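Start counting the sequence shown at 1; every next residue gets the next number (full-length UniProt numbering).
C-beta: ideal position from N, C-alpha, C; glycine also.
Keep in mind the model is a prediction, meaning the values are calculated, not measured.
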Amino acid sequence: MVSSVLCRCVASPPPDAAAAASSSASSPASVDPCGGAVCGGPDHRLRLWSLFQTLDVNRDGGLCVNDLAVGLRRLGLHRTEGELRKIVQAGDKDLDGQLDFEEFVHYLQDHEKKLRLVFKSLDKKNDGRIDAQEIMQSLRDLGVKISEQQAEKILKSMDKNGTMTIDWNEWRDYHLLHPVENIPEIILYWKHSTIFDVGENLTVPDEFTMEERQTGMWWRHLVAGGGAGAVSRTCTAPLDRLKVLMQVHASRSNNMCIVGGFTQMIREGGAKSLWRGNGINVLKIAPESAIKFMAYEQIKRLVGSDQETLRIHERLVAGSLAGAIAQSSIYPMEVLKTRMALRKTGQYSGMLDCARKILAREGIAAFYKGYVPNMLGIIPYAGIDLAVYETLKNAWLQRYAVNSADPGVFVLLACGTMSSTCGQLASYPLALVRTRMQAQASIEGAPEVTMSSLFRQILRTEGAFGLYRGLAPNFMKVIPAVSISYVVYENLKITLGVQSR
1 MVSSVLCRCV ASPPPDAAAA ASSSASSPAS VDPCGGAVCG GPDHRLRLWS LFQTLDVNRD
61 GGLCVNDLAV GLRRLGLHRT EGELRKIVQA GDKDLDGQLD FEEFVHYLQD HEKKLRLVFK
121 SLDKKNDGRI DAQEIMQSLR DLGVKISEQQ AEKILKSMDK NGTMTIDWNE WRDYHLLHPV
181 ENIPEIILYW KHSTIFDVGE NLTVPDEFTM EERQTGMWWR HLVAGGGAGA VSRTCTAPLD
241 RLKVLMQVHA SRSNNMCIVG GFTQMIREGG AKSLWRGNGI NVLKIAPESA IKFMAYEQIK
301 RLVGSDQETL RIHERLVAGS LAGAIAQSSI YPMEVLKTRM ALRKTGQYSG MLDCARKILA
361 REGIAAFYKG YVPNMLGIIP YAGIDLAVYE TLKNAWLQRY AVNSADPGVF VLLACGTMSS
421 TCGQLASYPL ALVRTRMQAQ ASIEGAPEVT MSSLFRQILR TEGAFGLYRG LAPNFMKVIP
481 AVSISYVVYE NLKITLGVQS R
């Protein structure tokens, strides 16, 4: 283990470390052979030099991924290649693909500070030890439920003296050369709403750590998410427009199919018409995301939680209220998006022309048609999306997370796709009614209807199936939308200098 290497007094240190050791050894207070420098004394450089020499397998003065893999394996520590690559990337200041001694010292000292902060946050009893109950409570606060047996299994992996508790030395030795800095990083691995954009921004916002807020990484995540959403929505816009057309115009007497819908759109306005309504759909991402994030942060304070990460039910309440505020603020843009998607060739010259004509003919109230079903749709969408995602996350963590909380790209995409699909399926009837109410003035001779009367009319004339018109193209766009938004998000994070976790 790492602790055995940290107390090898025979190691030959670099000149500056040797001088410190000599000075420390000459002190009358020194009891152990290394003067306290190697065994956790004031001079950490000497014990880190000892560890560095052990890990430097090829003796070239630098630690690459291969050195770390072989060296740690000899010490009984097994890390994946991805985890070791994260260690090198985090400490490699000169970008030469390996860590020299100074980089190694800087990385471990910084890492140890973070580990001490995490240890203190887990030590609920402030007795200098972590037990199974404290691990269960910390994970429960993050929405991850584990049994006492699973908590004890986590303890046993770090507990060297068989006390079934972990002191600071055991915690440090186990995690010192592990890229995961804290248990809340489970949440960061499983970021959801920032990454996935399926055209409906009704999900509960992601949590950001204190470090991300202080360093300004939060706005980079939001910008990357917004850019990913813009590209994703543009790529899937034809399917989105087809969904709107089927929601409004399809019926038993006008059975519009996918191929027929695309043919009709192209015949009426050419291939360019497939993207009608996409401009305003992309434009509303920025204000909606910004308002939602600010509202979420304020509501978190009102909820009264003193924890960095909210519990699941708190996240649902805060996220739903933030979503309602954001949707209320930009709802006129939602109406414009529907009208622009349904417009005929030459009907409007652009977004502003569309807004002016609606205002002149129908008044300001037209910009809030369908508002009630839209607000009601937030709760089932956000609630089911969050519940399914958390259920899948917990199932994966309990069954497959042995050495790392990192689920990998495929698992992340699969969980995000399934949870978003379930959320949309639950709220789809409300979304259809909203769209028809938004579009009613664009249909010649259509009477003004309320939400309840429209529900009754659809059920009477079309049956329950009528509430799911346009569901096929809506689901067809989920997988490409999630995949595209993830790829673009990851690339934008690199461009913006966001550290990938």
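Of all C-beta pairs linking the segment 472 to 481 to the segment 415 to 434, three or more are shorter than 8 Å, placing the two stretches in contact. The three-state reading of DSSP puts L77 in coil, since its state is none of H, G, I, E or B.
By the C-beta density criterion, V388 is buried, having at least 16 other C-beta atoms within 10 angstroms. In the three-state DSSP reduction, L95 falls in the coil class, being neither helix nor strand.
Judged by DSSP in its simplified three-state form, R276 adopts coil rather than helix or strand. Secondary structure note for G260: its alpha helix (DSSP H) is the uninterrupted segment 258 to 269.
Collapsing the DSSP output to three states places R129 in a strand. The beta-bridge partner set that DSSP reports for D173 is empty. Membership of S419 in the alpha helix (DSSP H) is indicated by the continuous run 409 to 439.
Here the segment 316 to 329 lies against the segment 368 to 381, with 3 or more beta-carbon pairs under 8 Å apart.
V488 is positioned such that its CB atom lies no closer than 8 Å to that of V282. Bounds of the alpha helix (DSSP H) holding Y107 are 101 to 122. Between L99 and V88, the C-beta gap is smaller than 8 Å, which places the two residues in contact. One thing to note: L84 has its Cβ no nearer than 8 Å to the Cβ of V105. The three-state reading of DSSP puts D385 in helix, counting H, G and I together.
Judged by DSSP secondary structure, R220 falls within the alpha helix (DSSP H) whose first and last residues are 217 to 235. Bounds of the alpha helix (DSSP H) holding N474 are 471 to 476.
For Y296, the enclosing alpha helix (DSSP H) has its first and last residue at 285 to 303. Rounded to whole angstroms, A365 and M437 show a C-alpha spacing of 12 Å. For D167, the secondary structure class from DSSP, reduced to helix, strand or coil, is strand. Between the segment 285 to 292 and the segment 240 to 257 there are fewer than three inter-stretch CB-CB distances shorter than 8 Å, so the stretches are not counted as touching. By DSSP's assignment, L63 forms a beta bridge with L99. With respect to the C-alpha of A439, the residue from E490, K337, S453, Q347 having the closest C-alpha is K337. Put simply, the backbone Cα of G261 is about 8 Å away from that of L245. In the three-state DSSP reduction, P447 falls in the coil class, being neither helix nor strand. Distance check between G82 and each of C415, I479, P407 places P407 closest, using alpha-carbon atoms only. At least 8 Å separates the beta-carbon of I135 from that of W171. Out of R45, L386, A341, T234, the CA that lies nearest to the CA of G319 is found in L386.
Taking a cut-off of 8 Å for Cβ pairs, the segment 217 to 226 and the segment 268 to 281 do not touch, as fewer than three such pairs fall below it. Rounded to whole angstroms, the gap between the alpha carbons of Y107 and F52 is 12 Å. By a beta-carbon distance limit of 8 Å, A224 does not contact L432. Their separation comes to about 32 Å.
When secondary structure is reduced to three states using DSSP, G323 falls in the helix class. Nearest C-alpha to I280 among E152, D56, Y331, G346: Y331. Taking 8 Å as the upper bound for CB-CB distance, T417 and V372 are not in contact here, some 29 Å apart. Rounded to whole angstroms, T435 and N394 show a C-alpha spacing of 35 Å. Between M333 and M340, the C-beta gap is not smaller than 8 Å, which leaves the two residues out of contact.
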